[in-house]
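Visitor: Input: one structure, supplied below.
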Amino acid sequence: MSRVSLGRTAHVLKEEFPFRRYIPSGLTLLGLCCGVTAIRFALGGDYRAAVIAIICAAVFDLLDGRVARLFGVASAFGAQLDSLADLVNFGIAPSMLVYLWTLHRAHGAGWALALAFCVCCAIRLARFNVESVNPDPEAGPEPYFRGVPTPAAACLILLPMLLGFQFSDQILSSPLISAGIIALVSALMVSRVPTLSLKNIHVLPQFRGLVIALGVLMVATAIVFPWSTLTGGLIIYLIALPFGAVAFSERRQARRRLRMD
């Protein structure tokens, strides 16, 4: 959708929906409720339901910003509310889930890792907020994130659990495996490593039909095989991280050379 058509759509929505400005914040709060509910499920030992709740929180996180831009009601309040919800949904909830699932067997060390993940999540969100409010005017918009975004990080630390849902191998529930993944993902969150941003992917008109068909196929696969689909997507994302980092780093260096010339 072009900027002109998006602007026209936003104008129509402004006229037809007088309470439109509350919808994005409502979606954010629904996502927050999902994150808190995930903690409740985790405390009760229902780990599958807890993972589903976190996935629902990620879906609401994906929708609220897009709805705000579509309705033309993006605000500083909404951005701050979104960050607070993200800290719960993708910092506290997944780390508590992994701790209750396996890290508790590592006693104090396991709890320290869960705390470290929450701290890194808070740092990542705070840095993102500051850079969004005070962007570098000379750098221009960047087609990537700096560091792994919090929703992706939350899903990545759940990877051993997702594999455990599909395979009964006791090694998957070892606290050592989860500890290693949490340490790695925590470092990636606060790093400056360029990572893929779906917000800045522009699909050419001739490929939109194919992309829509692939999207529908992915949704259908996720409904029929939820755990294997999510696992496969996370593994692909994890493998693609170094390739994306190299590609974006080369692109950033090329832009710097152009500005110097």
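Numbering (our numbering), first residue to last: 2 to 262. A virtual CB, placed ideally from N, CA and C, is assigned to each residue, including glycine.
1) Which of helix, strand or coil does DSSP assign to Phe146?
2) For Ala223, tell me which candidate among Arg41, Ile56, Arg22 has the shortest Cα-Cα distance.
3) Apply the 10 Å Cβ neighbour rule to Ala43 and answer buried if 16 or more other Cβ atoms are within range, or exposed otherwise.
4) Going by Cα to Cα distance, which pick from Asp87, Phe118, Asn90 is closest to Tyr100?
5) Assign Ile158 to one of two classes, buried (16 or more other C-beta atoms within 10 Å of its C-beta) or exposed (fewer than that).
6) Would you tell me roughly how many angstroms separate the C-alpha atoms of Trp112 and His105, rounded to the nearest one?
7) For Leu159, which of helix, strand or coil comes out of DSSP?
8) In chain order, what residues of the same chain have a beta carbon less than 6 Å from the beta carbon of Gly92, not counting five sequence neighbours either side?
9) Kindly indicate which residue of Arg209, Leu98, Asp87 has the alpha-carbon position closest to the one of Ile124.
10) Evaluate the contact criterion for the region 210-219 versus the region 158-174: three or more CB pairs, one atom per stretch, below 8 Å.
11) To which residues does DSSP link Thr196 through a beta bridge?
Guide: The short version:
1) strand
2) Ile56
3) buried
4) Phe118
5) buried
6) 7 Å
7) coil
8) Cys119, Cys122
9) Asp87
10) no
11) Phe146
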